[in-house]
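Asks: In this note's numbering, the protein residues as written are 680 to 721.
Quick one: the structure is below, and I'll ask about it shortly.
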Amino acid sequence: MLGFDQWLGRTTILVSYWESLDHLRRFAADRAAPHLGPWVAS
């Protein structure tokens with residue numbers, strides 16, 4: 680992830696910037712990545 684912006688006004692928005700769609704897909708599918716625990720718990 681290259682960065683992100685977040686705005687909490689009347690509408691909540693979170694935008695993330697990735698090097699490419701392939702990088703995002705690899706991160707999403709990576710079972711060793713830090714997002715997996717919270718993702719599974721939700």
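Cβ coordinates follow ideal geometry from the N, Cα and C atoms, glycine included.
1) To the nearest whole angstrom, what separates the beta carbons of F706 and L693, a pair I think is in contact under 8 Å?
2) Between the beta-carbon of E698 and the beta-carbon of L681, is there less than 8 Å?
3) Quick one: give me the first and last residue of the alpha helix (DSSP H) that W686 is part of.
Replies: From the atom records:
1) Counting from 1 along the sequence shown, the entry for residue 706 is found at position 27. Counting from 1 along the sequence shown, the entry for residue 693 is found at position 14. Not really, about 15 Å apart at Cβ, beyond 8 Å.
2) The residue you call residue 698 lines up with position 19 of the sequence shown. The residue you call residue 681 lines up with position 2 of the sequence shown. Yes, Cβ-Cβ distance for E698 and L681 is below 8 Å.
3) Counting from one through the sequence shown, the residue named residue 686 turns up at place 7. Where W686 is concerned, there is no enclosing alpha helix (DSSP H), although the beta strand (DSSP E) it sits in stretches over G682 to L687.
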